[in-house]
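What follows is one structure encoded as structure tokens, with my remarks underneath.
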Amino acid sequence: MFILTKIADLVQIVPEDFGKDPGQAIEDNINAKYANKVIQKIGLCICLYDLLSASEGLIGHGTGLINVNVEFRLVVFRPFKHEVMTGRISSATTSGLRIRTPFFDEIFVPASKLPEGSKFKHDDQLYVWETDGQILYYDNQETVRFRIEDELWHDQSPVGPREKEEQVKSSPYQLIATMEDAGLGPCLWWDGEEGGEEEMEEGGEEGV
Amino acid sequence: MKILEAQSATLTNYEVYQHLIDQRTKYAHVKGRRPGNLETVVKELLDYFNEAPSPLASKPFPYHDGIFKELLEKLRRWDFTKAEILMIMNLRPTKPENLNTIVEEMEERFPGDELQWEIVGVIAEVLGKPDGEAERQAMTEEAKEARTKQQEGMDVDG
Numbered sequence: 001m002f003i004l005t006k007i008a009d010l011v012q013i014v015p016e017d018f019g020k021d022p023g024q025a026i027e028d029n030i031n032a033k034y035a036n037k038v039i040q041k042i043g044l045c046i047c048l049y050d051l052l053s054a055s056e057g058l059i060g061h062g063t064g065l066i067n068v069n070v071e072f073r074l075v076v077f078r079p080f081k082h083e084v085m086t087g088r089i090s091s092a093t094t095s096g097l098r099i100r101t102p103f104f105d106e107i108f109v110p111a112s113k114l115p116e117g118s119k120f121k122h123d124d125q126l127y128v129w130e131t132d133g134q135i136l137y138y139d140n141q142e143t144v145r146f147r148i149e150d151e152l153w154h155d156q157s158p159v160g161p162r163e164k165e166e167q168v169k170s171s172p173y174q175l176i177a178t179m180e181d182a183g184l185g186p187c188l189w190w191d192g193e194e195g196g197e198e199e200m201e202e203g204g205e206e207g208v
Numbered sequence: 001m002k003i004l005e006a007q008s009a010t011l012t013n014y015e016v017y018q019h020l021i022d023q024r025t026k027y028a029h030v031k032g033r034r035p036g037n038l039e040t041v042v043k044e045l046l047d048y049f050n051e052a053p054s055p056l057a058s059k060p061f062p063y064h065d066g067i068f069k070e071l072l073e074k075l076r077r078w079d080f081t082k083a084e085i086l087m088i089m090n091l092r093p094t095k096p097e098n099l100n101t102i103v104e105e106m107e108e109r110f111p112g113d114e115l116q117w118e119i120v121g122v123i124a125e126v127l128g129k130p131d132g133e134a135e136r137q138a139m140t141e142e143a144k145e146a147r148t149k150q151q152e153g154m155d156v157d158g
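As you go down the protein sequences, you meet chains C and L in turn.
Here the first sequence stands for residues 1 to 208, where the numbers follow full-length UniProt numbering.
Here the second sequence stands for residues 1 to 158, where the numbers follow full-length UniProt numbering.
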């Protein structure tokens, strides 16, 4: 789920921070710039992992800023394709299920990627899975397991006024997931008690 | 900003968790506030790690330094890919059904119940087993709590 990305950047330390320990000042600066932000084709940045090198601090003309060239590594959230993760169902629509984790809520499971026999129930605004005459519910806020299938990137850089009208607002980084395989879907269906091994291995259709 | 290396390494959830905890301990002794966006994401990520069924939330705490070396040695006799090993470390499958989601084409590569139970047995031996009942209860509780919160949020909005 997490990777390290090596980045080179220029850090500018403002005079208010001169009282801080230099290492801490650089760290705060990097975190303020990157933490909880998405870099296109890289992922969601979490925080600084380590500082690899820093140049001498240089003061330019006209400002009191100290400029430092740094190289560092960031912890980045970027699940790989086919990675299995857990999260919670946040809502269901006819087009599919939306899943969220506390720190990332742009995960979508299209209705076509739910196991065969899944249907949307308009009365409850929920999906159900009918199997062997049993009905299992994809309740809201249920913890689910899913596999990452695809990622979508939307560059947020500003565009000219003419193109602006056509643009639909979308999040910078979205994940598309699937629940088609046995073992995916609400964890409560699968993580049954220990005794149920014999019946469970018949494809594990029994709900718990 | 210049990206020197898009992916210089992959981290397990335990390593990220450990990094966040160490960072928090370090910051407790440093004066001043850390950037707000950092605190938000760190709190949210720790919330995620502390939610069932994450192994990081289970008690006793299953990981310690050097545990992955031990796990790798024990899993060496089977032919797992790097990605599969990473997911095994993060998700701790202790049943064939759970292993099946992680391992592609498990039936062909690791045929038979006996072999599959042996593999998950080895994983459970190193990483421990989740307390099934407690975990299910925690998941139900968490879901309930979140639903109440969602409901309240709607009421406020309305």
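Just so it is clear, CB atoms sit at the ideal spot from N, CA and C, and this is done for glycine as well.
Output the boundary residues of the alpha helix (DSSP H) element that contains residue i.
i: Asp-47 of chain L; result: 36–49
i: Ala-83 of chain L; result: 82–91
i: Glu-130 of chain C; result: From DSSP, Glu-130 of chain C is part of no alpha helix (DSSP H) but of the beta strand (DSSP E) over 126–131.
i: Thr-101 of chain L; result: 96–102
i: Gly-62 of chain C; result: From DSSP, Gly-62 of chain C is part of no alpha helix (DSSP H); its letter is neither H nor E.
Based on the DSSP output, what are the partners of residue i in its beta bridges?
i: Lys-144 of chain L; result: Lys-144 of chain L pairs with nothing; no bridge assigned.
i: Asn-69 of chain C; result: C:Leu-10
i: Gly-87 of chain C; result: C:Val-144
i: Glu-163 of chain C; result: Looking at the DSSP assignment, Glu-163 of chain C forms no beta bridge with any residue, so it has no partner.
i: Glu-63 of chain L; result: First, the amino acid is wrong: residue 63 of chain L is Tyr here, not Glu. Beta-bridge pairing links Tyr-63 of chain L to no other residue.
i: Thr-10 of chain L; result: C:Ile-3
i: Pro-55 of chain L; result: Paired residue(s): none; Pro-55 of chain L is not in a bridge.
Going straight from the alpha carbon of residue i to that of residue j, what length do you get?
i: Ser-112 of chain C; j: Pro-35 of chain L; result: 41 Å
i: Ser-170 of chain C; j: His-154 of chain C; result: 7 Å
i: Gln-156 of chain C; j: Val-168 of chain C; result: 11 Å
i: Val-16 of chain L; j: Val-75 of chain C; result: 8 Å
i: residue 168 of chain L; j: Pro-158 of chain C; result: Since the displayed chain L opens at 1 and closes at 158, residue 168 of chain L lies outside it and no answer follows.
i: Ala-143 of chain L; j: Thr-143 of chain C; result: 7 Å
i: Val-30 of chain L; j: Lys-33 of chain C; result: 20 Å
i: Gln-24 of chain C; j: Phe-72 of chain C; result: 13 Å
i: residue 211 of chain C; j: Ile-176 of chain C; result: Residue 211 of chain C falls outside the range modelled here, since chain C spans only 1 to 208, and no answer is possible.
i: Met-87 of chain L; j: Arg-98 of chain C; result: 23 Å
i: Glu-83 of chain C; j: Ile-107 of chain C; result: 13 Å
i: Lys-149 of chain L; j: Ser-53 of chain C; result: 45 Å
i: Asp-17 of chain C; j: Thr-94 of chain L; result: 50 Å
i: Asn-90 of chain L; j: Glu-141 of chain L; result: 23 Å
i: Trp-129 of chain C; j: Thr-86 of chain C; result: 19 Å
i: Glu-70 of chain L; j: Asp-79 of chain L; result: 16 Å
i: Ile-67 of chain L; j: Leu-114 of chain C; result: 36 Å
i: Pro-102 of chain C; j: Glu-149 of chain C; result: 20 Å
i: Ala-9 of chain L; j: Lys-6 of chain C; result: 9 Å
i: Asp-21 of chain C; j: Phe-80 of chain C; result: 37 Å
i: Phe-120 of chain C; j: Trp-189 of chain C; result: 18 Å
i: Arg-33 of chain L; j: Gln-7 of chain L; result: 30 Å
i: Tyr-14 of chain L; j: His-61 of chain C; result: 46 Å
i: Arg-162 of chain C; j: Gly-96 of chain C; result: 33 Å
i: Ile-3 of chain L; j: Ala-35 of chain C; result: 16 Å
i: Lys-129 of chain L; j: Glu-104 of chain L; result: 23 Å
i: Phe-49 of chain L; j: Gln-18 of chain L; result: 11 Å
i: Glu-205 of chain C; j: Val-70 of chain C; result: Its pLDDT being 42, under 50, Glu-205 of chain C is placed unreliably by the model, and nothing is read from it.
i: Leu-75 of chain L; j: Val-122 of chain L; result: 8 Å
i: Arg-5 of chain L; j: Ile-42 of chain C; result: Reading off the sequence shown, one finds Glu at residue 5 of chain L, where the question assumed Arg. Going from the Cα of Glu-5 of chain L to the Cα of Ile-42 of chain C covers about 10 Å.
i: Gly-19 of chain C; j: Ala-8 of chain C; result: 25 Å
i: Glu-118 of chain L; j: Pro-96 of chain L; result: 10 Å
Does the Cβ of residue i have 16 or more other Cβ atoms within 10 Å, making it buried, or fewer, making it exposed?
i: Ile-13 of chain C; result: buried
i: Gly-203 of chain C; result: The predicted model places Gly-203 of chain C with a pLDDT of 41, which falls under 50 and marks its position as unreliable; any figure quoted below should be read in that light. Classification of Gly-203 of chain C: exposed, given that the 10 Å Cβ count is below 16.
i: Met-1 of chain L; result: exposed
i: Gln-23 of chain L; result: buried
i: Ser-58 of chain L; result: buried
i: Asp-132 of chain C; result: exposed
i: Asp-28 of chain C; result: buried
i: Met-1 of chain C; result: buried
i: Glu-194 of chain C; result: With a pLDDT of only 47 at Glu-194 of chain C, under the threshold of 50, the placement of this residue in the model should not be trusted, and no figure is reported.
i: Gly-64 of chain C; result: exposed
i: Ser-55 of chain C; result: exposed
i: Glu-135 of chain L; result: buried
i: Gln-151 of chain L; result: exposed
i: Asn-31 of chain C; result: buried
i: Phe-61 of chain L; result: exposed
i: Met-154 of chain L; result: exposed
i: Leu-45 of chain L; result: buried
i: Arg-109 of chain L; result: exposed
To the nearest whole angstrom, what separates the beta carbons of residue i and residue j, a pair I think is in contact under 8 Å?
i: Ile-3 of chain C; j: Leu-56 of chain L; result: That pair is no contact at about 18 Å.
i: Ala-146 of chain L; j: Gln-141 of chain C; result: 4 Å
i: Tyr-137 of chain C; j: Leu-126 of chain C; result: 6 Å
i: Leu-44 of chain C; j: Phe-77 of chain C; result: 4 Å
i: Asn-98 of chain L; j: Gly-183 of chain C; result: 6 Å
i: Ala-124 of chain L; j: Ala-52 of chain L; result: That belief does not hold up - the Cβ atoms of Ala-124 of chain L and Ala-52 of chain L are roughly 17 Å apart, past 8 Å.
i: Tyr-26 of chain C; j: Val-11 of chain C; result: It is worth fixing the name first, because residue 26 of chain C is Ile in this sequence and not Tyr. Their Cβ separation, rounded to whole angstroms, is 5 Å, which keeps Ile-26 of chain C and Val-11 of chain C in contact under 8 Å.
i: Leu-20 of chain L; j: Val-42 of chain L; result: 6 Å
i: Gln-40 of chain C; j: Pro-186 of chain C; result: Their Cβ separation, rounded to whole angstroms, is 33 Å, which puts Gln-40 of chain C and Pro-186 of chain C out of contact at 8 Å.
i: Met-92 of chain L; j: Leu-127 of chain L; result: Here the sequence assigns Arg to residue 92 of chain L, which means Met is not the residue at that position. So it is a contact: roughly 5 Å between Cβ atoms.
What are the boundary residues of the beta strand (DSSP E) that includes residue i?
i: Arg-98 of chain C; result: 96–101
i: Val-168 of chain C; result: From DSSP, Val-168 of chain C is part of no beta strand (DSSP E); its letter is neither H nor E.
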